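> What follows is a structure written as structure tokens; I'll ask about it next.
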Amino acid sequence: MRRLLSFLNPCLIGLVAFIGLVPFVILCAYSQPSADDWYMAADTMEKGYWQSNIDFYFGLTGRFFSSALLFMHPMLLSFGTFKCYSLLLVLGLVGSMRWAVGPWFPEASKGWKWALVVMASVLFVWGMASTSQGFYWGTGSAGYTLPCLLFFCLAGMFGRRCLELDWCPRPLALVVACLLAVAITGCTEVAMAVFLAHITALNVLFFWRHRQVSRPLLIVLSATFVGVAMVVLTPGNANRRAWYTNDVHHVFIPAFLMALKLGVRQAAIWLVFLPIVLFSLVILSTWPAAFQLSRQRAWELVIIALLLMLATVFGGFFLGTWSMGALIPQRAINLLLLFFIIDWVLLLAGVVSLLRSFQVEIPRAGVLLSLLAFLLFATALGTTNNNVKAAWRDLLSGDAARYDRECNERHATIRASSEQDLLLPELKARPLTLFFNDLKTDPANWRNTGCARFFRKRSLAVKP
């Protein structure tokens, strides 16, 4: 039976990875730029790289790191390079997650680490509020998905040993960690706030355990505050704030109550989410036997995980209600979901150790449980509306290929035309996984003007 299980579980995990992740990788071949991508690339073409960054930082927003990347937009080289960017983002997220899991669970087998990464990745793509904004739109992914990748890189550099009293990283590693911390805060305000909460929690946990500060962790926290200051203190924020005028924007009590309502609703949705139930069931029943914390350490982990989940969900939504008086965009909810999953794994680690400290045995996964979990996964995949099923539908129906072909034909038409004012046909193929938005009928719309500037035309619009 044990031999059968050792063969069955890797097969099932491989099948879950194929079903849940492969379509998102293949769809990168059909990704196309949209919205802000056009005008950020056009700014670099017209004003140059450095002037574009200076104008953006002092005139609009303090997201200095994501904008620095976007003004080197991959489509300035070619649209094929943009597709490669999407591919690197998807693969990089999974790869960096695997890099982070190893040092935090050194006693676990390679098979268990890969199982955790695969299931967490599938859980993430299944529950994303918008896959198009998360992976296939350059501006959205650079601001909200890229910081998650950088966070995993930083977590992999630290590992669980960062909570030990004798931990002393090499100077070069500490410099890289500080640069990553600054980069994460410079991607977007939501990433900045969530990362600040997590790096602060790490410092507090170290101090609680040893009654002294960790010099390396404190240095990274200081670097994070440097990044926060660069984002918050830019003059461009005043211009951005002027976009929002409502009764909630910058009014504390209405913003607080609105964030509380949105946060409770979102947390409830995630907690009753069938994939997260299956994820918890499988992880708990396969948790490495060598992983054991004392009862005190287990309680610390449970409490810190719950506080981080609270800070992630409520704090993320409060940023939106306070700064905009509105719900944060779907790409920001993607980021909150991934950090919620990270904190959920921490919670499971604390719960497992707590149960073991009370000598409560958790049933180990057998053949029947493994098959049952996979059957429930397949049933949920087929019977619910979810991103994984939508990705396969976009791929197999040909919608993704038609969308890519229509975009390429549009670009070729614009380039081939000698006219300065063009009316273009509307995109008919709009695959749910890839499509974010299209040009508008109004040539003065900012999307249209950015695209027109990129192709060096006076105006572009779609036919009404």
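Per our numbering, the very first residue in the sequence shown carries number 395; after that it's consecutive. For each residue, glycine too, the CB sits at the ideal point set by N, CA and C. Predicted, not measured: the structure shown is a model, and the values here were computed from it.
DSSP beta-bridge partners for L856?
The displayed chain sequence assigns Val, not Leu, to residue 856. Answer is L818, bridged to V856.
> Among F673, N633 and F589, which residue has its Cα nearest to the Cα of G709?
F589
> Could you pull the start and end residues of the alpha helix (DSSP H) that D437 belongs to?
Under the DSSP assignment, D437 falls in the alpha helix (DSSP H) whose first and last residues are D430 to K441.
> Hey, could you find the ends of the alpha helix (DSSP H) I578 is sitting in?
P565 to T579
> For P837, is the classification buried or exposed, using 16 other Cβ atoms within 10 angstroms of its Cβ as the cut-off for buried?
buried
> C422: which of K655, W506, Q527 and M718 sits nearest, CA to CA?
Q527
> Confirm, please, whether the CB-CB distance from F465 to Y443 is below 8 Å.
Less than 8 Å separates the beta-carbon of Y443 from that of F465.
> Taking the alpha helix (DSSP H) that G537 belongs to, which residues open and close that run?
G532 to Y538
> Which class does C562 belong to by DSSP, given the choice of helix, strand or coil?
Here C562 sits in coil by DSSP.
> DSSP on N831, reduced to helix/strand/coil?
coil
> Got a sec, what are the start and stop residues for the alpha helix (DSSP H) A494 sits in?
F473 to W498
> Which residues mark the beginning and the end of the alpha helix (DSSP H) in which F650 is found?
Per DSSP, F650 belongs to the alpha helix (DSSP H) from F646 to L665.
> My understanding is that F667 touches T706, with C-beta atoms under 8 Å, so please give their C-beta distance in whole angstroms.
With a Cβ gap of about 16 Å, F667 and T706 do not count as contacting.
> Can you tell me the Cα-Cα spacing of I578 and F552, whole angstroms?
16 Å
> Since V622 is in the alpha helix (DSSP H), which residue starts that stretch and which ends it?
Here the alpha helix (DSSP H) through V622 covers R609 to V626.
> Does any residue of chain C bring its CB to less than 8 Å from the CB of M718?
Going by chain labels, chain C is absent from the structure shown, which holds only one protein chain.
> In terms of alpha-carbon separation, which member of C572, H592, A494 and G580 lies closest to A549?
A494
> Where does A806 land, buried or exposed, given buried means 16+ other C-beta within 10 angstroms?
exposed
> Closest by CA to W693, which one among V676, V746, M652 and W716?
V746
> Out of F830, S812 and Q753, state which residue places its alpha-carbon closest to the alpha-carbon of Y797.
F830
> P757 lies in the alpha helix (DSSP H); which residues open and close that run?
Here P757 belongs to no alpha helix (DSSP H), and DSSP marks it neither H nor E.
> Report the rounded CA-to-CA distance for A726 versus L765, giving the unit in angstroms.
35 Å
> Pairs of beta-carbons, one from the region 470-490 and one from the region 587-601, closer than 8 Å: are there three or more?
no
> Could you tell me whether the region 502-510 touches the region 449-457, using the rule of 3 or more Cβ pairs below 8 Å?
no
> Does the structure place the region 517-535 close enough to the region 777-785 that three or more beta carbon pairs sit under 8 Å?
yes
> Determine, using beta-carbon pairs with one atom in the region 558-577 and one in the region 660-679, whether at least three such pairs fall under 8 Å.
no
> Please determine, among T582, A662 and A591, the residue with the shortest C-alpha to C-alpha distance to S717.
It is T582 whose Cα lies nearest to the Cα of S717.
> Buried or exposed: where does V658 fall if 16 or more other Cβ atoms within 10 Å of its Cβ makes it buried?
exposed
> Does the pairing of the region 838-847 with the region 432-439 give three or more beta-carbon distances under 8 Å?
Yes: the two stretches touch, three or more of their Cβ pairs being nearer than 8 Å.
> Cα separation between M652 and D560?
44 Å
> How close, in whole Å, do the beta carbons of K851 and E820 come, if the pair is a contact with beta carbons under 8 Å?
No, K851 and E820 are not in contact; Cβ-Cβ is about 18 Å, not under 8 Å.
> Since I believe Y638 is in contact with G719 (beta carbons under 8 Å), could you give me their beta-carbon distance rounded to a whole number of angstroms?
Yes, G719 and Y638 are in contact; Cβ-Cβ is about 6 Å, under 8 Å.
> Taking just the CA atoms, how far does C405 sit from A595?
37 Å
> Can you find the residues in the same chain that come closer than 6 Å, C-beta to C-beta, to F849, ignoring five residues on each side of it along the sequence?
I808
> Rounded to whole angstroms, what is the Cα-Cα separation between M395 and I756?
In this prediction, M395 scores a pLDDT of 47, lower than 50, which makes its location untrustworthy; no coordinate-derived value is stated.
> Please tell me whether A855 and L817 are closer than 8 Å, where the distance is taken between their beta carbons.
yes
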